[in-house]
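Protein chains in written order, with our numbering: chain A, 114 to 301; chain B, 161 to 411; chain C, 348 to 852; chain D, -15 to 481.
Note that CB positions come from ideal geometry on N, CA and C, so glycine has one too.
Next comes the structure, spelled out in structure tokens:
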């Protein structure tokens, strides 16, 4: 029962392992080159699933700001240029972190509260950072960026893999690894 | 091989399960990956630092813009690689093992008409996805793929030759290269103005608005560059794979 | 301008790759000069970076002006600067050499070839100078994709080898990516220095996730560097690839992967974790011993010149993996020094193998017969490379062995010392077999009766573009040997931050 | 006594022959000019060595640091008594051998003479480098250089025999130097961390355990396989496929003497005689050497090929030297050092005679040389003197060194080894002296068996005979005037002999 519970708690993490192992098995054990490539795709996709799972937060939405939030933040930051912005980064982050802890304490159960609520909440805090944006409301954007890269890499590798397979077929008339090796061995 | 595969899978799987024991709970907002300055900075400060409300786009094209530039290069590389591996120039030589070919009938009327209607819409949508990446899911990669798909659809519906008329091979490569030049050009330009590579804030010298606006606009430019490359290479990969590198007739 | 030098290391080859792909469509003859110019500029940039690092300490170059960990940074210390110089110099020499081969072996596609070549170089340079764990993955894939293609452009057997490499390489890179994911899930950062800091401050060293991350990254990199028994992809790849492909990949790809291993173990996880919390030195050193012996014995069994050399690469990888896990400052100095010297000595012998192949068209070692008479200068270059691989002073190879053996003695890993010496002796056997064939010009009676006689009459000294890189490499090997003290002081500056065990004295 | 001066002379002495490679290669079209260059280089080299002799005899060491190659370690030259003694022998004999080579190579119309002279010159540089090297690292550097530079000389004929011989040669030398010396060298460096400069006290004391010291000592003794200690001796007979001048200079003087020189250096400069005495481990080496002496002498008796017999004789004589130094008594060590010179002079005479016979008659086997003495009186007279010297009989220099060795054995109280010395001397006489005797006084019936007409035979050309006469005279002179050699040797012991 405990096992089931732990699986249910981290369902994604189990699924990615299972998918990854399916892919790995195909990569190692399959004789057909295209099947190997399919295994490779599954293998890579499993990793993407893993990464995206890291970024998921209960009750959070996609990392895109609503119109009014964007406007709010935009307005506040309008005073400085980028230079200022990243001089203040360290400071701002500390502030933001404090603030978020405070919020978390106040509203331990209120993750999915709407942005409007936050506006009032935040305004009572330090006006300097004054973002109406709360980290726990949005999924982690970084992992999505990383996975966009991983997807692109996956596509590129698959493409090159298929091209090599096609070339092999043109040369040996087979896409079974054992047959190709046999042809090489018998000397052609 | 099968036994080897099973052994590998068991060992690796066991290892990964070991790691899983120590993971933070799935969806826990207080997990180290979420509850730290990096992720929080991206969520809370993106709008102040770049005015882009889609954080993914901002991180992609600005904070980690260098990664993304090489992501585009990966695509470009794949295109060149496939040309390098498959492309056969000159009069087509008979392959030792030709691929089985389908009967090439005249294109079906229904399919042709549908495509004729669909393709402009697809292309328009692709442009929307590219341009609207700052505010909604989308961006250069996504838009580029859709745009490339339009050409591929054309090649599927008619034949490769027809699609080639629109985007001949050299033009494809030119487009891909231009895409990368656009992206890297932003970086080189900031170098020329005396800032670090890809530091868009200095581009105020050529772009309207303040430094943050410069970042905002540059990101759009960069996304367009990505879109160029992705569109071109998608079609190039398709046409090479489909025609076995001969560029004569596709599937 | 010098503070921008780090980006120029990469930018020249990378942009030129795109230009070559474009210009080469119409003017194929421009590809080669463009490649040379860009790599020359890259060499200058990397040298300038090295000078800065030596003078002012590590450089942190913020890309996009974002301070790490929010943006990506180049983190260039003594190690990366040295390896970057090595990579760019080797690339330049190979590029000079490639003039005749590329036109001969891939006639229609020379522009694509040079483009891929430059992209490979930019990928490798990117790996070396980046300070971001995920960016390293992207660069790894740029380098990997180009190498698959560069190999697959060879003959029939190369295609299958490239496919195997693609499968193995993808597994390796994916393991690395997953390992970085595990680090990210526990630390929330991707910047190498930042990860290290969080690992230490948050006391994560007991976490099984970090352990698995370490295993995944190490094994992933081992696959990509062809550490025995994960080496099976390598020999056929480098033996059957087009000449220039193996010339650039054999010296660089495995060495850069070793750089990644050193970087991960020292900078990201820290020697304290890798060597003390995980007490694996003995196991890994034994694995390395097996790798060294297996590679050397494998080389003995080969009759194909280039294939023989590929097995030597496997043995050399064993040297360096073992050297790192000696966990001794001198040993790690030796490993890093060997990255540099091995890159050049592998280059030297592969350039030679390329010349032999170009001149005789034969792959087996008996193609060498009578070479001392026919191409004396080429043989001089080869001799220096061979002596370096055997470890005869004052070539670079001797000094890397000098430090590695010292490390082995210091840390009490006698099995490693013995393996190193046995492998040196086997190298001596291998190369003196070649020298004997080249010197005596006669085949032993048991050899098959090939039709060498006629082909060889017209064999003469290699062309200038082939000879120049070979002799330069030979000269570099001797210079590295003579100036090893200066190199080692840069390496030891880099290592001094880690408080490694030094000596039992 | 132990004052030091810095001077570039040792480096120049070492480099002269290396620089001479350039004119030798450039002048390859005209043999006379080419050999002229060899000569000039040889004379300059000898002059430079002689120039340093008075300074060294006065007890001053000459130092020159060329290059700080590793942290703590430099490529460094230091000329002391032992080095000077060996350098003097090698450089003087080079001139004679050059002369002899010209006669030999031209007499036999050998191919690739330029290559021959080139590598000959390089080998000499390496030899002088070994002689003058100031620390263990430099010594190793030149030792390896010598192994490689002599390979083309050994395999000069490029036939099947040369291939086998050359293969054995390199296998033995490289295996031992990479397999034994290199780890020992690095071990010493790791343990002491010092610059490994040779000094009479040694620099190992206090850094290693006695068992490690024994292992090190054996590694060095066997590792410098050029010394021909059994069981690492078989490269030496194999290498006799080389042209005779090579055998003469390299295998009677340069290569093998470099081997024993290195062993001597290890005993006297690395371990230090006192330290070895306190450890009491040298006896092991002494007995191994003794075994080699007897065994090789017995093998030599059974050889009919003259050069092979000489090769085995060399193995035995080298072990004398090692045996002497392993006894650790002052007289024995002096005897060892002197024996380097005495044996060199004697053995080079023998080899050159063998070569002269070969040039004149094409004969390699002792059994074919009966009665030849009457046709080639100078050659065989010189041969007899050389044989006397090697055996250690008056009136030759060989007696002096043997005297020191034997009395040294008595000093060390090793009666068993004394017996071995005596037995081996008898054996030496048995395998060397009959050759000369039979050449002058053949048994008639044996002569009639050989289907060979002696009528056409006469002495080999002047360049062949002249050096032979000079070296044999030298062997006689050293009997009368050995004192400066003994002084040089004495410098190493700090007691003046």
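Inter-residue spacing [alpha-carbon to alpha-carbon] between residue i and residue j
| i | j | result |
| --- | --- | --- |
| residue 165(A) | residue 530(C) | 14 Å |
| residue 693(C) | residue 24(D) | 41 Å |
| residue 38(D) | residue 69(D) | 12 Å |
| residue 760(C) | residue 122(A) | 46 Å |
| residue 237(D) | residue 150(D) | 19 Å |
| residue 141(A) | residue 153(A) | 10 Å |
| residue 317(D) | residue 383(D) | 15 Å |
| residue 164(B) | residue 109(D) | 58 Å |
| residue 352(D) | residue 421(D) | 13 Å |
| residue 381(B) | residue 53(D) | 55 Å |
| residue 67(D) | residue 740(C) | 22 Å |
| residue 686(C) | residue 601(C) | 9 Å |
| residue 366(C) | residue 333(B) | 11 Å |
| residue 825(C) | residue 84(D) | 36 Å |
| residue 360(D) | residue 457(D) | 17 Å |
| residue 58(D) | residue 120(D) | 10 Å |
| residue 235(A) | residue 126(A) | Confidence in residue 235(A) is poor, its pLDDT being 40 and thus under 50, which makes the residue's placement too unreliable to answer from. |
Same chain, Cβ closer than 8 Å to residue i, neighbours up to 5 away in sequence not counted
| i | result |
| --- | --- |
| residue 556(C) | 529, 532 and 533 |
| residue 839(C) | 676 and 680 |
| residue 431(C) | 356, 393, 396, 397, 423, 472, 475 and 476 |
7 Å Cβ shell around residue i - same chain, five flanking residues per side excluded
| i | result |
| --- | --- |
| residue 338(B) | 388 |
| residue 240(A) | Low confidence applies here, because residue 240(A) scores a pLDDT of 40, under 50, leaving its location unreliable and the question unanswered by this model. |
Contact list for residue i against chain A, beta-carbon separation under 8 Å
| i | result |
| --- | --- |
| residue 404(B) | 279 and 283 |
Chain C contact residues for residue i, given Cβ-Cβ distances below 7 Å
| i | result |
| --- | --- |
| residue 261(A) | Chain C residues near residue 261(A): none, gap ~11 Å exceeds 7 Å. |
| residue 159(D) | 772 |
| residue 239(D) | The premise fails here: residue 239(D) is roughly 17 Å from chain C at the closest Cβ pair, so nothing lies under 7 Å. |
| residue -6(D) | Chain C residues near residue -6(D): none, gap ~18 Å exceeds 7 Å. |
Nearest to residue i (by Cα), restricted to the options the options
| i | options | result |
| --- | --- | --- |
| residue 290(D) | 323(D), 221(D) and 277(D) | 221(D) |
| residue 359(B) | 593(C), 744(C), 418(C) and 618(C) | 418(C) |
| residue 766(C) | 469(C), 644(C), 511(C) and 462(C) | 644(C) |
| residue 129(A) | 295(A), 246(A), 162(A) and 139(A) | 162(A) |
| residue 398(B) | 210(B), 320(B) and 223(B) | 320(B) |
| residue 595(C) | 553(C), 779(C) and 700(C) | 700(C) |
| residue 223(B) | 357(B), 402(B) and 407(B) | 357(B) |
| residue 497(C) | 711(C), 843(C) and 592(C) | 592(C) |
| residue 197(D) | 256(D), 231(D) and 147(D) | 256(D) |
Interface partners of residue i on chain B, CB under 7 Å
| i | result |
| --- | --- |
| residue 496(C) | 241, 244 and 245 |
Interface partners of residue i on chain D, CB under 7 Å
| i | result |
| --- | --- |
| residue 401(C) | The premise fails here: residue 401(C) is roughly 17 Å from chain D at the closest Cβ pair, so nothing lies under 7 Å. |
| residue 775(C) | 158 and 162 |
| residue 756(C) | 170, 171 and 174 |
Beta-carbon neighbours of residue i, restricted to chain A and to distances below 7 Å
| i | result |
| --- | --- |
| residue 202(B) | 254 and 255 |
| residue 169(B) | 134, 137 and 138 |
Under 9 Å by beta carbon: chain B residues contacting residue i
| i | result |
| --- | --- |
| residue 246(A) | 203, 204, 205, 206 and 207 |
Contact set between residue i and chain A, taken where Cβ atoms lie within less than 9 Å
| i | result |
| --- | --- |
| residue 237(B) | 269 and 273 |
Chain-order list of residues whose beta-carbon lies under 6 Å from that of residue i (same chain, five-residue window excluded)
| i | result |
| --- | --- |
| residue 347(B) | 357 and 358 |
Per-residue contacts from residue i into chain C (C-beta, under 8 Å)
| i | result |
| --- | --- |
| residue 356(B) | 351, 354, 408, 409, 410, 411 and 412 |
* Name, going along the chain, the residues of the segment 735 to 747 of chain C whose beta-carbon falls closer than 8 Å to a beta-carbon of chain D. => Residues passing the 8 Å Cβ filter: 737, 738, 739, 740, 741 and 746.
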